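In the working numbering, the protein residues as written are 343 to 596.
Quick reminder that beta carbons are idealized off the backbone N, C-alpha and C, glycines included.
Computed from a predicted structure; not experimentally measured.
To keep things clear, I will list the structure first and then write my remarks on it.
Below, the structure written as structure tokens:
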């Protein structure tokens with residue numbers, strides 16, 4: 343199973359576990375439906391969890407978990423991020439208490455922090471691959487490179503003496519940086535869509551101009567044809583009048 347699908351499976355297992363737990367304990371009752379998780383943690387699409395589950399119809403395509411949904415749920419419920427990559431990791435074992443400490447080795451703590459950061463980066467990259475269009479490839483790569491550069495700066499500035507206190511803050515800051523990356527990408531996507539819409543509208547306007555010009559030409563030709571028809575009618579009437587006069591003259595002379 344691909345890593346992205348493992349993440350989706352684990353996230354749905356976690357949501358199902360939390361809903362069942364909240365219903366049985368009558369706690370956190372605001373989180374007892376798929377809609378409530380989408381509403382709280384991914385306002386861009388409040389039905390995202392339901393769409394991840396799928397409607398069961400043949401040929402229907404399930405959606406994958408957006409990076410923002412994953413981060414927000416993990417942060418709110420204090421979930422060990424390793425859980426999302428291990429199908430053998432049970433949801434009840436992945437939720438850490440607020441008092442749970444870090445590994446005793448500070449070097450291992452630094453490594454663990456950056457493992458979580460790297461996993462967030464990989465999810466960011468994989469979701470980009472699903473969304474980007476050919477003309478956006480260079481822009482998406484540029485955003486990813488900027489985030490990688492920031493990660494390297496994080497690594498250089500990470501102090502072992504303060505890792506225990508700064509761990510949560512560093513990861514949250516990096517999550518915020520990734521979200522800023524998404525905002526930049528969405529802005530680029532919207533700009534591209536707007537440019538395409540503007541181009542389509544411009545083409546429609548040009549086509550309408552051609553159509554109006556053709557209608558004008560057709561109208562002018564119609565007026566000319568009517569004028570010519572009237573002229574020919576008048577000429578015919580004159581001919582009939584002259585013929586009638588001649589006929590009457592002949593009859594009067596007989």
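Quick one: give me the first and last residue of the alpha helix (DSSP H) that residue 407 is part of.
Counted from its first residue, the chain shown places residue 407 at position 65. Counting along the chain, residue 407 falls outside any alpha helix (DSSP H), and DSSP gives it neither H nor E.
Which residue marks the beginning of the alpha helix (DSSP H) containing residue 433, and which one marks its end?
The residue labelled residue 433 in the question sits at position 91 within the chain shown. For residue 433, the uninterrupted alpha helix (DSSP H) run begins and ends at 433 to 436, by DSSP.
With 16 other Cβ atoms within 10 Å as the buried cut-off, status of residue 320
It is not possible to answer for residue 320, since the shown part of the chain is limited to 343 through 596.
Exposure label - residue 470; buried when at least 16 CB within 10 Å
Locating residue 470 in the chain shown gives position 128, where the first residue counts as 1. Residue 470 comes out buried.
I'd like the list of long-range same chain contacts for residue 368, defined as Cβ closer than 6 Å, with 5 residues on each side in sequence excluded.
Residue mapping note: residue 368 aligns to position 26 of the chain shown, counting from 1. Within the same chain, no residue comes within 6 Å of residue 368 by CB-CB distance, once the 5 residues on both sides are set aside.
Local Cβ density within 10 Å of residue 515, reported as buried at 16 or more and exposed below that:
Here residue 515 refers to the residue found at position 173 of the chain shown. It counts as exposed.
Are residue 433 and residue 359 close, meaning C-beta to C-beta below 7 Å?
On the chain shown, residue 433 is found 91 positions in, with the first residue counted as 1. On the chain shown, residue 359 is found 17 positions in, with the first residue counted as 1. One thing to note: residue 433 has its Cβ within 7 Å of the Cβ of residue 359.
Evaluate contact between the segment 518 to 527 and the segment 540 to 555, counting only Cβ atoms and requiring at least three cross-stretch pairs below 8 Å.
Counting Cβ pairs under 8 Å, fewer than three are found: no touch.
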